[in-house]
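Asker:
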Amino acid sequence: MTYGEVFQDKDIIKNYVNSSISFLSDFREYLKERAQLEKNYAKDSSSLIQKYVQKCDKKRAQSECNSPNTPNPLNTAESGTLNPENEESADSEINLPSNLGNEYYSYITAWKSILNQMEAISKYRLRFSENLTEIVIEKIKTQIGIKEDDKKRNLQYHKNFNDEVEKLVNEKNNAKKKYYESCDNMVNHKKKLNKQDSQANLEKSNDKGIKKIEKLIDTTQIEMDNKKNLYILSLCSLNTLKKKVANEYVPEIYNNLQSNQEGVIGAFQAYCKDYVKLEQDLSDNIKTSFDIALNDVNAIDPVNDNVIFETKNKKEIIPIEDEKYVSALNNDNDEFAITNKSSIYLSNLNDNLKEQLIAFQEKYNTAKSDYEQIQTAYQGYLNNPSATDTKDMKEKQSELWYNMHMAEIPIVINESKIETITKVIGEDNQVNSHNFKSVIIINPTVCDLCQEKVRGKALQCKSCSFVCHSKCEAEVPQRCTGTKMDRKALRVRTATSESNVSMPSSARVLSDTSEDNLYSSTPILSSSVDAITDEERYPINNMDEIKEEKPKIDSPMMCAIFEYQPQNGDEISLTVNENVEIIEPEVDGWVKVKTSNGEGFVPSSYIAPIKKVIYSFEPEKDDEIAITEGDSVVILGQDDSGWLKIKKGSLEGIVPESYIDM
Numbered sequence: 001m002t003y004g005e006v007f008q009d010k011d012i013i014k015n016y017v018n019s020s021i022s023f024l025s026d027f028r029e030y031l032k033e034r035a036q037l038e039k040n041y042a043k044d045s046s047s048l049i050q051k052y053v054q055k056c057d058k059k060r061a062q063s064e065c066n067s068p069n070t071p072n073p074l075n076t077a078e079s080g081t082l083n084p085e086n087e088e089s090a091d092s093e094i095n096l097p098s099n100l101g102n103e104y105y106s107y108i109t110a111w112k113s114i115l116n117q118m119e120a121i122s123k124y125r126l127r128f129s130e131n132l133t134e135i136v137i138e139k140i141k142t143q144i145g146i147k148e149d150d151k152k153r154n155l156q157y158h159k160n161f162n163d164e165v166e167k168l169v170n171e172k173n174n175a176k177k178k179y180y181e182s183c184d185n186m187v188n189h190k191k192k193l194n195k196q197d198s199q200a201n202l203e204k205s206n207d208k209g210i211k212k213i214e215k216l217i218d219t220t221q222i223e224m225d226n227k228k229n230l231y232i233l234s235l236c237s238l239n240t241l242k243k244k245v246a247n248e249y250v251p252e253i254y255n256n257l258q259s260n261q262e263g264v265i266g267a268f269q270a271y272c273k274d275y276v277k278l279e280q281d282l283s284d285n286i287k288t289s290f291d292i293a294l295n296d297v298n299a300i301d302p303v304n305d306n307v308i309f310e311t312k313n314k315k316e317i318i319p320i321e322d323e324k325y326v327s328a329l330n331n332d333n334d335e336f337a338i339t340n341k342s343s344i345y346l347s348n349l350n351d352n353l354k355e356q357l358i359a360f361q362e363k364y365n366t367a368k369s370d371y372e373q374i375q376t377a378y379q380g381y382l383n384n385p386s387a388t389d390t391k392d393m394k395e396k397q398s399e400l401w402y403n404m405h406m407a408e409i410p411i412v413i414n415e416s417k418i419e420t421i422t423k424v425i426g427e428d429n430q431v432n433s434h435n436f437k438s439v440i441i442i443n444p445t446v447c448d449l450c451q452e453k454v455r456g457k458a459l460q461c462k463s464c465s466f467v468c469h470s471k472c473e474a475e476v477p478q479r480c481t482g483t484k485m486d487r488k489a490l491r492v493r494t495a496t497s498e499s500n501v502s503m504p505s506s507a508r509v510l511s512d513t514s515e516d517n518l519y520s521s522t523p524i525l526s527s528s529v530d531a532i533t534d535e536e537r538y539p540i541n542n543m544d545e546i547k548e549e550k551p552k553i554d555s556p557m558m559c560a561i562f563e564y565q566p567q568n569g570d571e572i573s574l575t576v577n578e579n580v581e582i583i584e585p586e587v588d589g590w591v592k593v594k595t596s597n598g599e600g601f602v603p604s605s606y607i608a609p610i611k612k613v614i615y616s617f618e619p620e621k622d623d624e625i626a627i628t629e630g631d632s633v634v635i636l637g638q639d640d641s642g643w644l645k646i647k648k649g650s651l652e653g654i655v656p657e658s659y660i661d662m
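Oh and the sequence shown: position 468 is 468 in full-length UniProt numbering, straight run, nothing missing.
(1) Given a cut-off of 8 Å, decide if K167 and residue 701 are closer than it, judged by their beta-carbon atoms.
(2) Mark D163 as exposed unless 16 or more other C-beta atoms lie within 10 angstroms of its C-beta, in which case mark it buried.
(3) Taking only three categories from DSSP, how would you classify P523?
(4) Classify N102 as helix, strand or coil using the three-state DSSP reduction.
(5) Would Q117 be called buried (16 or more neighbouring beta carbons within 10 Å of its own) or exposed?
(6) Would you mind sorting K177 into buried or exposed? The rule is 16 or more other CB atoms within 10 Å of its CB.
(7) Measure the Cβ-Cβ separation of Y179 and K228 and say whether it is below 8 Å.
(8) Count the other CB atoms, across all protein chains shown, that sit within 10 Å of the CB of D305; report buried if there are 16 or more and exposed otherwise.
(9) Return the residue from the list S463, S470, K437 that minimises the CA-CA distance to K453.
(10) In terms of residues, what are the limits of the alpha helix (DSSP H) holding T366?
(11) Counting Cβ pairs closer than 8 Å, one from the region 129 to 138 and one from the region 40 to 50, do we hit at least three?
(12) Going by C-alpha to C-alpha distance, which of L574, F161, K211, E419 sits closest to V245?
(13) Thinking C-beta only, is T595 closer than 8 Å to N572?
(14) Classify F436: buried if its beta carbon has 16 or more other beta carbons within 10 angstroms, exposed otherwise.
(15) From this set, R479, L294, T288, M404, which residue's C-alpha is nearest D351's C-alpha?
(16) How about A458 and V467: are their beta carbons less than 8 Å apart?
(17) Tell me which same chain residues have a C-beta within less than 8 Å of the C-beta of S327, skipping the five on either side of it?
(18) Quick check: does the Cβ of E563 come within less than 7 Å of any heavy atom belonging to the ligand SAM?
(19) Once the 5 residues before and after S20 are set aside, which same chain residues still bring their CB inside 7 Å of it?
(20) Could you please give the first and the last residue of the uninterrupted beta strand (DSSP E) stretch that includes V587?
(21) Alpha carbon to alpha carbon, how far is N384 from Q269?
(22) Nearest to D622 by CA position, among V655, I607, F601, is which residue?
(23) Among residues of its own chain, excluding the 5 on either side of A35, which ones have a beta-carbon nearer than 6 Å to its beta-carbon?
(24) Exposed or buried, what is A359 when buried is set at 16 or more other beta-carbons lying within 10 Å of its beta-carbon?
(25) For A175, which residues of its own chain have a beta-carbon under 6 Å away from its beta-carbon, when the five flanking residues on both sides are left out?
(26) For Y653, count neighbouring C-beta atoms within 10 Å of its own C-beta (all shown protein chains included) and say buried if the count is 16 or more, exposed if not.
(27) Just tell me which of E657, K647, V580 has its CA closest to the CA of I614.
(28) Are the beta-carbon atoms of E584 and V591 separated by less than 8 Å?
(29) Between the alpha carbons of I300 and V276, how many angstroms are there, rounded?
(30) Taking the C-alpha atoms as reference points, what is the distance between E581 and P556?
(31) Quick check on DSSP: helix, strand or coil for F436?
(32) Can you give the Cα-Cα distance for K396 and M406, rounded to whole angstroms?
(33) Could you check the C-alpha separation between V187 and C236 for me, to the nearest Å?
(34) Express the C-alpha separation of D225 and N194 in angstroms, rounding to a whole number.
(35) Does DSSP put T628 in a helix, in a strand, or in coil?
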């Protein structure tokens, strides 16, 4: 699209679009009248052809491409033409220049050719009126309505933008008027002061009046300064909006009008083909004449017509300027802030961008393939437009084109960021990315990056067992060793040193292969391997702390809060909200339970105790939940402030601890 950027004088575009729609309307009116005249062909054909020959000559003169030195018949300021509501007066008042340019638009030439040929073969046209009305005329009416509405909508947008500018103009004028009035008041007050000064020389009693006027002058000065500032502010906002409208909004509107204009000419070309085909089918006697007309119709080239139009009228395009870095500090510049930590952050960000780029590229390739397929199919239909209605296919092509470029935008963004980061920190050939997955930390564990405790949701590398907070992930150096820490062995030795209580086979030492399979095939909360304890990292030094923190199971009836799939024969599956009975107490994070499916071991963190409500409670805040005396609820956790987090049915919330029989 180029109209909005090429032409500063928007009237020439409006006139050109009006001319195109008016031209298509004239073409439809011609077909309607001609269909009626076929019934009385012998009498009226000659006058009809003559009428439209004259209109075509006038239209061609109005739509000619003129050189800069040639008078422009499209200029409504001089001729008043190309306004559909004023066409009658325009036809009678226009004075066409005699030295028009000699380069015509292809569609004007085609239309003239059709009229000339119709004048020669009009005596053969007697019986095609019904087909002409059904196949061509009604479709043109619909197309004219669509294009006219689109044109009016875009021009209304332009008017609305101008109205907004006009509002600021009025605001500026009012501010200017008030400022001038305050200046006049200042002048009047000073005149009074001078008059009082002259009288003061004669009468000393006027000192009080002079002071009063001087005070009034000071007040007026303040008011004048404020109104001056408001006046200047109104000027600034007016100038800013005018530039925004002129440089951004208006060009887009007139790019849309260019699309409208090309669509009109494209529609004209299609309808001409239908029209000519009907003429050819009527009689072999007119075939030779219509071959000439059809050749001219096929020569219609909206794109080439626009090339001609632009060549004669285009102006130099001002290039787009790059956005500049705006510093928040006086001594800041637009260079990257590079430190050891920021380099790690940028390196990790670069790796993430590269991973995203792969997914974006796949999405883009799919969108591009879909677009190319529809484009090929659409071109085939264009070669035989009578085979089907291409409206839906054209809309689909436009949608796929849009989707393709929308899929390309994140690729452009990521490639730009990757290229910039690589230039700043270089290519890191030693990168070996961690394969992080989400895990649930039951007992406190130390983050391998910041050395602070981790509990609850965290990240663990499936390759080297590196553990960190989710917030620390972006700062972790991508230097995965690929060697696992033997956490299971540590756990077994710790448990053995403390007691000889047996544990389920799923908690025994796993080989690297079986552990890898468990990590890769089991989602979050689906395996005891995801529950990392302090015994795994510090088996001896932190045992006392671990004992204090381990969850206690003191209720024989429990409820499953997570789904679990058994990994070994002595384990048993759990489904969410399933009631289970405790058979044996917890050992090293495992507990033996009885369910409807039988008996077996499950992770103790996957079940929670069921308690009775002893008092009813009505919630007062969004995070609280209503309970009734006698209800059974699942205890999910508690805090130091005397509140419990519970689950009742499908609802979760907090209630006072004293309302539950613990």
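Yeah, the Cβ is synthetic: ideal placement off N, Cα and C, and Gly gets one too. Bear in mind the structure is a predicted one, so any value in this text is a computation, not a measurement.
Answerer: Result, derived from the coordinates:
(1) Given that the chain is displayed from residue 1 to residue 662, the structure contains no residue 701 and the question cannot be resolved.
(2) Its Cβ having fewer than 16 others within 10 Å, D163 is exposed.
(3) Any answer about P523 is weak, because its pLDDT of 34 lies below 50 and its placement is not dependable; what the coordinates show is given next. In this structure, DSSP gives P523 a state outside helix and strand, which the three-state scheme calls coil.
(4) Residue placement at N102 is poorly supported in this model, since its pLDDT is 48, which falls under 50; the coordinates are not used for a value here.
(5) Of the other Cβ atoms in all chains shown, 16 or more fall within 10 Å of the Cβ of Q117; this residue is therefore buried.
(6) Its Cβ having fewer than 16 others within 10 Å, K177 is exposed.
(7) Contact check for Y179 against K228 passes: the beta carbons are separated by less than 8 Å.
(8) With 16 or more Cβ atoms within 10 Å of its Cβ, D305 is classed as buried.
(9) Comparing alpha carbon positions, the residue from S463, S470, K437 closest to K453 is S470.
(10) Taken as a continuous stretch (DSSP letters only), the alpha helix (DSSP H) holding T366 covers 340 to 383.
(11) Look at the beta carbons and you see the region 129 to 138 not touching the region 40 to 50: under three pairs across the two are nearer than 8 Å.
(12) Comparing Cα positions, the closest option is F161.
(13) Reading the sequence as shown, one finds Ile at residue 572 and not Asn. For I572 and T595, yes; Cβs fall inside 8 Å.
(14) It counts as buried.
(15) Closest by C-alpha distance to D351, out of R479, L294, T288, M404, is R479.
(16) A contact, by the Cβ cut-off of 8 Å.
(17) Residues of the same chain with a CB within less than 8 Å of the CB of S327, apart from the 5 flanking positions on each side, are N333, D334 in chain order.
(18) Looking for the ligand SAM in the displayed structure turns up nothing, as the structure carries no ligands at all.
(19) Its chain contains Q261, V264, I265 as the residues whose beta carbon lies nearer than 7 Å to that of S20, once the 5 sequence neighbours on both sides are disregarded; these appear in chain order.
(20) 579 to 587 is the span of the beta strand (DSSP E), which, as asked, contains V587.
(21) Cα to Cα, N384 sits roughly 13 Å from Q269.
(22) Comparing Cα-Cα distances from D622 to each of V655, I607, F601, the minimum goes to V655.
(23) In chain order, S129, L132, T133 place their CB closer than 6 Å to the CB of A35, counting only its own chain and leaving out the 5 sequence neighbours on each side.
(24) The residue in question, A359, is exposed, as its Cβ has fewer than 16 Cβ neighbours within 10 Å.
(25) Spatial neighbours of A175 in its own chain (CB-CB distance under 6 Å, excluding positions within 5 residues in sequence) are listed in chain order as L230, Y231, S234.
(26) The question names Tyr, yet the displayed sequence has Gly at residue 653. Only buried fits G653, as 16 or more other CB atoms lie within 10 angstroms of its CB.
(27) Comparing Cα-Cα distances from I614 to each of E657, K647, V580, the minimum goes to E657.
(28) Taking 8 Å as the Cβ cut-off, E584 and V591 qualify as a contacting pair.
(29) If you take the alpha carbons of I300 and V276, they lie about 14 Å apart.
(30) Approximately 6 Å, taken between the alpha carbons.
(31) Reduced to three states, the DSSP call for F436 is strand.
(32) Their Cα atoms are separated by approximately 15 Å.
(33) C-alpha separation (whole angstroms): 27 Å.
(34) So the alpha carbons of these two residues sit roughly 22 Å apart.
(35) Coil, per DSSP.
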